[in-house]
Amino acid sequence: MWRSVIGSAKALSNCSCQNHWNVLLLRPLASSPSRFLSSTSVLESPPPPPSSMPPVSLDNINPKVLKCEYAVRGEIVTLAQALQEELKSKPGSHPFDEILYCNIGNPQSLGQQPITFFREVLALCDHPSILDRSETQGLFSADAIERAWQILDQIPGRATGAYSHSQGIKGLRDTIAAGIEARDGFPADPNDIFLTDGASPAVHMMMQLLMRSEKDGILCPIPQYPLYSASIALHGGALVPYYLDEATGWGLEVSELKKQLADAKSKGITPRALVVINPGNPTGQVLAEDNQRGIVEFCKQEGLVLLADEVYQENVYVPEKEFHSFKKVARSMGYGEKDISLVSFQSVSKGYYGECGKRGGYMGGTGVGPGIREQIYKVASVNLCSNISGQILASLVMSPPKVGDESYESYSAEKDGILSSLARRAKTLEVAFNNLEGVTCNKAEGAMYLFPCIRLPEKAIKTAEAAKTAPDNFYCRRLLNATGIVFVPGSGFGQLPGTWHFRCTILPQEDKIPAVVSRLTEFHKSFMDEFRD
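What follows is the structure, encoded as structure tokens:
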């Protein structure tokens with residue numbers, strides 16, 4: 049009965065007479081039973097009309113989610129997927145028989161084969177009981193078996209289906225640190241390494257750490273990989289753009305960094321970090337070491353955290369360029385832990401391995417200090433741990449077979465075959481783009497993409513504006529509907545105002561590249577003729 053009394057009291061809480069509220073709570077129940085049980089009681093009064101707004105709608109969700117965009121899987125890709133379903137249900141319904149996905153760096157979805165040694169080790173770790181079988185020796189290489197035993201001994205209970213340490217399995221971090229040291233020639237501390245589900249969660253983690261309000265800014269390249277603009281939007285910060293120079297092969301000029309830094313400060317924004325993507329996405333350039341030294345010096349002088357996206361470090365296709373990690377560059381300049389804050393990102397999704405679905409990667413910090421490391425660990429622990437297969441792959445990527453190992457020759461052949469084929473594909477597409485009317489394309493020095501500039505006729509631009517879409521989006525939609533080729537409009541990556549681009553991956557298998565070129569060439573000629581001024 050006391051529940052009835054208290055419930056009635058709550059129902060009357062909006063009553064203007066506070067004394068009546070107090071009396072009601074204190075009055076004995078038997079003194080006025082009709083007040084609670086009669087047909088005219090407050091409990092039986094008509095409920096208020098339900099709100100017309102649903103509990104979750106575009107009008108009441110977090111506005112940061114609405115602001116976030118990710119063009120790589122945006123409108124054009126959604127349309128491509130619908131067309132693919134139509135091709136399955138109604139063969140011959142379109143002027144093409146397959147969708148050629150050139151929109152995303154997802155190598156194995158387009159036919160690239162995984163590295164045998166990596167998959168052998170993964171299989172043995174996930175099913176360790178076969179390690180003791182005699183037939184295993186004939187099915188798996190000796191070094192894959194040995195490596196699987198080494199890894200399993202580092203995993204508590206040898207259980208790849210169990211949670212691990214939130215920072216990642218210590219023995220695997222030791223292996224990765226040794227690989228970084230071998231690559232750079234400078235010591236690496238496994239305690240500075242956090243294993244993550246690909247590089248993307250690590251980027252989100254750093255944005256979450258750095259963004260205090262909309263007045264905190266991150267310097268990002270334009271064009272940029274949309275992960276950065278999306279994560280900045282989600283965590284409530286400000287994107288401070290700096291423009292790469294297309295005329296000099298997408299050069300990164302320190303003078304441009306200084307200009308944009310000063311402009312941001314004049315607007316009351318506090319720049320916290322500088323993002324550098326090397327090799328570039330979507331632009332495919334590889335930074336020269338002298339250029340990197342200037343960037344490191346800039347970050348040191350301005351007190352910025354250097355966020356180095358280095359997931360394409362294996363993807364360099366021109367002999368005159370070489371990948372250098374920013375950590376190596378900083379150390380070679382004599383800068384240690386107390387001189388510069390730097391966080392680098394690596395992933396098993398790119399390179400020659402292309403294990404996107406395994407979701408493995410890591411971030412390695414230097415100059416962040418134990419207190420900040422504890423805070424990063426706290427955030428990482430909220431997600432418990434990254435997946436174990438991805439952790440294992442990250443360690444394999446940084447410690448592949450060596451000369452003398454049974455798998456070395458086959459591993460080297462697979463690696464070299466993939467990278468040389470990517471280089472040929474990049475060159476073929478580069479030449480094809482430059483042969484198109486009104487299109488110019490810089491050399492693909494690295495990564496997995498080309499980012500051609502297209503000078504669209506004024507008539508096409510006006511038609512796009514009338515359709516309330518960006519001109520490069522209009523071009524990519526028309527291309528998709530006519531050919532089945534999926535490009536991503538440059539407007540999804542950012543570009544110099546008044547210019548238009550699209551991003552194309554070099555990942556369709558080599559025997560598919562001629563079809564991409566011929567379909568694109570035919571479409572482009574028709575498009576330019578239709579909208580010629």
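So the sequence shown is residues 49 to 581, counted in the numbering used here.
A virtual CB, placed ideally from N, CA and C, is assigned to each residue, including glycine.
task = Would you mind listing the beta strand (DSSP E) stretches within the region 247-335 that are 3+ residues and don't spill past its ends, in chain order?
result = 264-270, 286-291, 318-325
query = Cβ atoms of Ala-474 and Ile-554: under 7 Å apart, would you say?
reply = yes
ask   = Would you say Pro-500 and Val-487 are within 7 Å of each other, going by their C-beta atoms?
value = yes
ask   = How big is the Cα-Cα spacing for Ser-80 and Pro-103?
value = Note on Ser-80: pLDDT 40, under 50, position unreliable in the model; the coordinate value appears next. Whole-angstrom Cα-Cα distance: 39 Å.
ask   = Run through DSSP, which three-state label would Ser-87 get?
value = Legend: pLDDT at Ser-87 = 41, less than 50; position of this residue unreliable, no value from coordinates given.
C-beta atoms of His-213 and Gln-256 nearer than 7 Å = no
request  = Tell whether a beta-carbon distance below 7 Å holds between Ala-286 and Gly-265.
outcome  = yes
Supposed close pair Leu-148, Pro-556 - CB separation, criterion 8 Å = 6 Å
query = Pick from Asp-145, Gln-394, Ser-182, Ala-278: whose alpha carbon is nearest that of Leu-114?
reply = Ala-278
ask   = Which first and last residues belong to the beta strand (DSSP E) in which Ile-440 is found?
value = Unbroken run through Ile-440 is the alpha helix (DSSP H), 436-445; no beta strand (DSSP E).
message = So, for Asp-387: in the same chain, excluding its five sequence neighbours on each side, which residues have a beta-carbon less than 8 Å away from its beta-carbon?
response = Lys-348, Ala-378, Gly-415
Under the three-state DSSP convention, the category Met-576 falls into = helix
query = For Gln-308, which residues from the same chain have a beta carbon less than 7 Å from its beta carbon, with the 5 sequence-adjacent residues on both sides left out?
reply = Leu-267, Val-288, Pro-289, Tyr-290
query = In terms of alpha-carbon separation, which member of Glu-134, Val-364, Thr-517 lies closest to Lys-463?
reply = Val-364
message = Whether or not the region 322-341 and the region 480-497 are in contact is what I'm after, with contact meaning three or more pairs of Cβ atoms, one per stretch, closer than 8 Å; do they touch?
response = yes
request  = Report the rounded CA-to-CA distance for Gly-297 versus Cys-524, giving the unit in angstroms.
outcome  = 23 Å
ask   = Residues in its own chain within less than 7 Å of Cys-173 by CB, not counting five upstream and five downstream?
value = Ala-196, Ile-199, Leu-200, Thr-208, Ile-440
inquiry  = Tell me whether the region 351-371 and the region 465-472 touch, counting them as touching only if at least three CB pairs, one residue from each stretch, are closer than 8 Å.
reply    = yes
inquiry  = Taking 7 Å as the limit between beta carbons, can you name the residues of its chain near Gly-159, skipping five residues before and five after?
reply    = Gln-557
task = Count the other CB atoms, across all protein chains shown, that sit within 10 Å of the CB of Glu-146; report buried if there are 16 or more and exposed otherwise.
result = exposed
query = Secondary structure at Tyr-45, three-state DSSP: helix, strand or coil?
reply = Lying before the first or after the last residue shown, residue 45 is absent from the chain, which here runs from 49 to 581.
ask   = Nearest-angstrom Cα distance between Ile-582 and Thr-184?
value = There is simply no residue 582 to check, as the chain begins at 49 and stops at 581 in what is shown.
inquiry  = So, under 8 Å CB-CB, Arg-580 and Thr-531 are touching, yes? Tell me the CB distance rounded to an integer number of Å.
reply    = Contact flag wrong, Cβ pair sits at about 20 Å.
task = Can you give me the start and stop residues for the alpha helix (DSSP H) that Asp-357 sits inside?
result = Careful: Asp-357 lies outside any alpha helix (DSSP H), inside the beta strand (DSSP E) at 353-357.
query = In its own chain, which residues sit with a C-beta less than 8 Å from the C-beta of Ile-509, not counting the 5 before and 5 after it?
reply = Pro-519
ask   = So Val-323 packs on Pro-269, CB below 8 Å; how close in whole Å?
value = 7 Å
ask   = What number of angstroms, rounded off, separates the C-alpha of Lys-582 from the C-alpha of Lys-112?
value = The first residue shown for the chain is 49 and the last is 581, placing residue 582 beyond what the model contains.
inquiry  = Run through the DSSP bridge pairs and tell me what Pro-176 is partnered with.
reply    = In the DSSP output, where bridge partners are listed per residue, Pro-176 has none listed.
ask   = Using a Cβ-Cβ cut-off of 8 Å (strictly less than) and excluding sequence neighbours within five positions of His-252, which residues of its own chain qualify?
value = Ser-279, Leu-282, His-283
query = Which residues mark the beginning and the end of the alpha helix (DSSP H) in which Thr-595 is found?
reply = Given a span of 49 to 581 for the chain in the structure shown, any question on residue 595 remains unanswerable.
key: Inter-residue spacing [alpha-carbon to alpha-carbon] between Leu-170 and Ser-373   = 28 Å
query = Closest to Ile-228 by CA distance: which of Lys-376, Glu-337, Gly-351 is it?
reply = Lys-376
ask   = Hey, Ala-312 and Leu-355: beta-carbon distance below 7 Å or not?
value = no
query = Using the C-alpha atoms, what's the distance from Asn-108 back to Glu-123?
reply = 23 Å
query = Phe-242 and Gln-215 look like a contact to me (Cβ under 8 Å); what is the Cβ gap, rounded to whole Å?
reply = 5 Å
query = Do Phe-188 and Leu-444 come within 7 Å of each other at the CB atom, strictly closer than that value?
reply = no
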